[in-house]
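With my numbering applied, the sequence shown corresponds to residues 1462 to 1654, in that order. The C-beta atom is built at its ideal place from N, Cα and C for all residues, glycine as well.
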Amino acid sequence: MTRSDRPSWCSSSDEKRAALLALLKQLSYSQRDVTLASGQAAQFYIDGKQTSLHPTGNRLCGELLYELIVDWDVDAVGGPTLGADPLAVAVMYAAHRAGVDLPAFIVRKEAKSHGTSAWIEGATNLPAGGRLAFVEDVVTTGGSVLRAIERARDEGFHVVGVVCLVARNPELTERFAAAGLSFRSLFDAEDFS
C-alpha cells in the first residue's frame, strides 16, 4: 500500500469500518482451500494478523474494537496469543487516546516453563478479580478463545465477553452466551463474499 492509497483518518465509525474491511480484503484474505485451526475445511482464509500488524490496520482495529467494548466497563483487554497480541495493544492505545487506562494482557498457550510459570502475561497490571474483555482476529468455533477464557477464570478474573474482527460462524453468539459471555464482531464471513 502506498502513502497515497492510505485512508486519511476517517471521522465516522462507518468510514473506519469500510477502510478496515478494504485492508482486510487486501492484506489478510485469500481464496483457497484450507484447514482452519478448528479442524474445519474452508474455501477461504483470513489471516487477521497481516492487517493488525499493519500501521493503518492496527489503528483501525484498535479504535473499532474499542468501540465494541466501551459499554462493557472492563478493567483490561487481551486474549490468546498470537492473534490477540497486536489487537489487545491496539485497543489499549485506542482507549488511552480516549482518556481511558485499559491495560492489555496475553494468555499463553502453555504456562511459562521458567521464571513465574505464568499463563497470563501482563497480569500484574490487572486488578484481582477484574473484568476482562477478550479480543481475537478471526473466530470460527470459539474453541481457542474459550480455552484462554478458562485460564483467566481459573486465575479469578471475570470475563465479560469476546470481540473479534471476523466471525466465520453465525452461531457464535449463542455459543458464547451458553458460556455466560457477550459476543460482538466487526465483520462476518458474508462481508468477504
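Going by the DSSP bridge assignment, what does residue i pair with across the sheet?
i     : result
Q1492 : F1505
C1655 : The question about residue 1655 has no answer here: the residues shown for the chain are numbered 1462 through 1654.
S1646 : C1625
L1548 : According to DSSP, L1548 bridges with nothing at all.
A1594 : V1538 and G1622
V1599 : V1627
Three-state secondary structure (DSSP) at residue i?
i     : result
A1579 : coil
A1479 : helix
A1565 : strand
S1605 : helix
A1584 : helix
E1632 : coil
Taking the alpha carbon of residue i as the point to measure from, which residue in the options has its own alpha carbon closest?
i     : options                       : result
F1505 : R1629, G1518, D1546 and A1613 : R1629
A1572 : A1537, S1489 and E1616        : E1616
G1583 : A1613, T1517 and L1525        : A1613
E1632 : T1602, A1609 and V1624        : T1602
F1566 : S1473, R1558, L1543 and H1575 : L1543
V1538 : A1609, F1653 and E1635        : A1609
D1546 : D1562, V1599 and T1634        : V1599
W1533 : L1642, D1652 and F1653        : L1642
Count the other CB atoms within 10 Å of the CB of residue i; is the residue buried (16 or more) or exposed (fewer)?
i     : result
R1467 : With a pLDDT of 40 at R1467, under the threshold of 50, the modelled position of this residue cannot be trusted; read the value that follows with caution. The residue in question, R1467, is exposed, as its Cβ has fewer than 16 Cβ neighbours within 10 Å.
E1597 : buried
L1482 : buried
H1515 : buried
L1526 : buried
Check the Cβ-Cβ distances between residue i and every residue of chain D, and say whether any is below 8 Å.
i     : result
F1637 : Absent from the structure: chain D. Only one protein chain is present.
Any 3 or more C-beta pairs closer than 8 Å across the stretch 1477 to 1492 and the stretch 1641 to 1650: The stretch 1477 to 1492 is in contact with the stretch 1641 to 1650.
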